[in-house]
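Peer 1:
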Amino acid sequence: MTTSRIARGDARTLTRELVRIDSRNPDLVPGGPGEGAAAALLGEVLQQWGFAVELQETAAGRPNVLARIGDPAGGTLMFNGHLDVVGVEGMVHAPFEPVERDGRLYGRGSADMKAGVAAMCAAAARAAATGLTSEILIAAVTDEEWASLGTHALVAAGVRADAAIVTEPTRLAIMPAHRGFAWASVTVHGRAAHGSRWDVGVDAIRHAGLLLAELDRLDGVELPTRSHPLLGRPSVHASTIAGGTGMSTYPERCVLHVERRTIPGETAGDFIRELEAACARVRAVKPDFRADVQLTLAQPPSDVAPDAPVVRALATALAAEHAAAPIEGMSAWTDAAILNAAGIPAICFGPGDIALAHAAEEWVPLDEIDRATAALTRLALQWRAARAGARE
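Numbering-wise, the numbering used here puts 467 at position 57 of the sequence shown, and it's gapless, one number per residue.
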């Protein structure tokens with residue numbers, strides 16, 4: 411399909427055409443083509459729909475699409491969504507053949523989150539056709555599924571807005587907060603020896619087991635005492651473990667990879683201190699226990715007050731569309747955290763269910779695409795008044 415056949419504001423067709431494009435993240439999938447083709451199509455569509463479009467390179471052949479429409483004098487509202495998708499191994503339907511069946515659109519990225527991208531673009535176009543009195547900034551970004559190169563790049567370039575809607579799949583609930591995460595590796599050191607030499611060998615795997623018992627206590631006893639009104643408690647789990655070389659050899663090394671899901675008020679540094687304290691407790695009963703702890707990746711949690719202006723404005727828009735406006739917490743991490751850290755209040759709202767993201771069967775309800783587009787259109791039209799009301 412040529413882009414000229416995507417009618418202005420047609421979110422369903424735009425969703426189908428985006429799903430048709432393989433935009434697997436090459437940092438996750440070796441040989442994945444990345445977001446270039448999807449960005450090219452979307453940029454061309456948005457230009458035809460009357461947007462001022464800029465492509466912002468974030469890595470070779472992987473540009474953000476930044477598109478503006480409306481009057482910045484009335485304030486700027488950002489609609490943010492990512493174009494990359496994860497791998498397709500194990501999928502039970504063709505990943506890049508958008509098929510409609512029983513009111514659903516199937517395909518990799520349909521829920522996570524090309525339907526959300528299409529809805530936000532269509533909404534901005536519809537609002538502009540009606541009489542937009544503020545500016546809508548479309549930020550269709552790269553690499554959210556790995557290191558968020560796209561949203562980091564737009565923030566580093568000084569792109570700002572009064573607030574942002576990240577159109578991740580929320581089942582059309584308003585989600586002002588989500589957890590963060592921190593990844594760490596723990597290398598437990600033993601001493602290699604023949605399996606018969608208990609007097610010489612130090613079993614790194616068994617020592618790692620003692621550390622795992624401490625992490626079990628952390629997750630079962632300490633973390634349940636902390637809570638967030640929308641997100642509940644934080645958590646920790648052991649993701650992978652590797653060690654040993656043979657049946658008759660004491661293992662000299664065992665490596666644990668551990669993930670901590672954080673709630674607002676917690677940091678990656680807190681997690682590292684927890685791991686080091688757990689190691690110290692093992693060492694108190696096993697003096698020959700030795701381990702190195704290293705933080706490998708972390709992203710912060712995100713938290714916007716449930717009564718913040720952007721939340722109220724979206725709830726008002728949903729009410730005007732005779733739609734429910736539940737306020738919930740989101741379990742998964744999103745680029746909203748990066749925007750919030752840059753001073754842009756960002757919340758999540760979009761079609762689809764996050765439970766279907768990365769799944770063997772991925773689909774989005776077609777009616778949710780329509781309802782998300784309608785609500786975001788109304789929000790765009792009301793943004794100038796909502797912004798003014800928040801300042802009074």
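Ideal placement from N, C-alpha and C gives every residue a C-beta, glycine not left out.
What does DSSP give as the partner residues of Ile651 in its beta bridges?
Peer 2: What you label residue 651 is simply residue 241 of the sequence shown in a count that begins at 1. In the DSSP output, where bridge partners are listed per residue, Ile651 has Leu666.
Peer 1: Rounded C-beta distance between Ile479 and Val455? I'm assuming under 8 Å.
Peer 2: Locating residue 479 in the sequence shown gives position 69, where the first residue counts as 1. Locating residue 455 in the sequence shown gives position 45, where the first residue counts as 1. Not really, about 13 Å apart at Cβ, beyond 8 Å.
Peer 1: Taking DSSP as the reference, what is the three-state secondary structure of Leu465?
Peer 2: Reading the sequence shown from its first residue, position 55 is the one you call residue 465. Note: Leu465 maps to strand in three-state DSSP.
Peer 1: For a test of the three-state rule: what should DSSP assign to Trp608, helix, strand or coil?
Peer 2: Here the question's residue 608 lines up with position 198 in the sequence shown. In the structure shown, Trp608 sits in coil (DSSP, three-state: anything other than H, G, I, E or B).
Peer 1: Are the CB atoms of Arg434 and Val774 within a distance shorter than 8 Å?
Peer 2: Locating residue 774 in the sequence shown gives position 364, counting from the first residue. Locating residue 434 in the sequence shown gives position 24, counting from the first residue. Taking 8 Å as the Cβ cut-off, Val774 and Arg434 do not qualify as a contacting pair.
Peer 1: Express the C-alpha separation of Cys689 and Pro440 in angstroms, rounding to a whole number.
Peer 2: Residue mapping note: residue 440 aligns to position 30 of the sequence shown, counting from 1. Residue mapping note: residue 689 aligns to position 279 of the sequence shown, counting from 1. Each residue's Cα considered, the two are about 36 Å apart.
Peer 1: Thinking C-alpha only, which one of Glu554, Glu427 and Gly485 is nearest Ala767?
Peer 2: Within the sequence shown, residue 767 is the residue found at index 357, counting from 1. Nearest of Glu554, Glu427 and Gly485 to Ala767, Cα basis: Glu554.
Peer 1: Tell me whether the beta-carbon of Ser645 lies closer than 8 Å to the beta-carbon of Arg671.
Peer 2: Taking the first residue of the sequence shown as position 1, residue 645 is located at position 235. Taking the first residue of the sequence shown as position 1, residue 671 is located at position 261. A contact, by the Cβ cut-off of 8 Å.
Peer 1: Cα separation between Val721 and Ala532?
Peer 2: Within the sequence shown, the letter at position 311 stands for residue 721. Within the sequence shown, the letter at position 122 stands for residue 532. Roughly 21 Å between the two C-alpha positions.
Peer 1: Give a yes or no on contact between the stretch 724-742 and the stretch 770-785, applying the rule of three or more CB pairs nearer than 8 Å.
Peer 2: With a cut-off of 8 Å, the stretch 770-785 and the stretch 724-742 count as touching, because enough Cβ pairs lie within range.
Peer 1: Taking C-beta to C-beta, are Leu476 and Val569 nearer than 8 Å?
Peer 2: Your numbering for residue 476 matches position 66 in the sequence shown. Your numbering for residue 569 matches position 159 in the sequence shown. Going by C-beta atoms, Leu476 is nearer than 8 Å to Val569.
Peer 1: Should Glu507 go down as buried or exposed, given a rule of 16 or more other Cβ atoms within 10 Å for buried?
Peer 2: Within the sequence shown, residue 507 is the residue found at index 97, counting from 1. Looking at its Cβ environment, which holds fewer than 16 other Cβ atoms inside 10 Å, Glu507 is exposed.
Peer 1: What did DSSP end up calling Glu778 once you bin it into helix, strand or coil?
Peer 2: In the sequence shown, residue 778 corresponds to position 368, counting from 1. The answer is helix: DSSP assigns Glu778 an H, G or I state.
Peer 1: Straight-line CA distance for Cys758 to Val596?
Peer 2: Position 348 of the sequence shown holds residue 758. Position 186 of the sequence shown holds residue 596. Spanning the two alpha carbons is a distance of roughly 33 Å.
Peer 1: Classify Glu454 as helix, strand or coil using the three-state DSSP reduction.
Peer 2: In the sequence shown, residue 454 corresponds to position 44, counting from 1. Correct three-state label for Glu454: helix.
Peer 1: Consult DSSP for Glu499 and reduce its assignment to one of helix, strand or coil.
Peer 2: Within the sequence shown, residue 499 is the residue found at index 89, counting from 1. Looking at Glu499 - three-state DSSP - the assignment turns out to be coil, as it is neither helix nor strand.
Peer 1: One question on the structure: do Glu772 and Arg518 come within less than 8 Å of each other, judged by their Cβ atoms?
Peer 2: Position 362 of the sequence shown, counted from the first residue, corresponds to residue 772. Position 108 of the sequence shown, counted from the first residue, corresponds to residue 518. In this structure, Arg518 lies closer than 8 Å to Glu772 by Cβ.
Peer 1: Compute the beta-carbon to beta-carbon distance between Ala752 and Gln792, rounded to the nearest angstrom, for a pair I have assumed lies under 8 Å.
Peer 2: Residue mapping note: residue 752 aligns to position 342 of the sequence shown, counting from 1. Residue mapping note: residue 792 aligns to position 382 of the sequence shown, counting from 1. That belief does not hold up - the Cβ atoms of Ala752 and Gln792 are roughly 24 Å apart, past 8 Å.
Peer 1: Give the DSSP-derived three-state secondary structure of Ile757 in the structure shown.
Peer 2: For this step, residue 757 is matched to residue 347 along the sequence shown. Residue state, collapsed to three classes: strand.
Peer 1: Can you tell which of Gly653, Leu559 and Gln704 has the C-alpha that lies nearest to the C-alpha of Leu855?
Peer 2: Residue 855 cannot be examined here, being either before or after the span of the chain that is shown, 411 to 802.
Peer 1: Are the beta-carbon atoms belonging to Gly739 and Met585 less than 8 Å from one another?
Peer 2: Position 329 of the sequence shown holds residue 739. Position 175 of the sequence shown holds residue 585. Closer than 8 Å, so yes.
Peer 1: I want to know whether the stretch 662-676 touches the stretch 587-596 - three or more CB-CB distances under 8 Å.
Peer 2: They touch, by the three-pair rule.
Peer 1: So Met530 is in the beta strand (DSSP E); what residue range does that whole segment cover?
Peer 2: Stepping through the sequence shown from its first residue, residue 530 is reached at position 120. Premise fails: Met530 lies in the alpha helix (DSSP H), Ala525 to Thr540, not in any beta strand (DSSP E).
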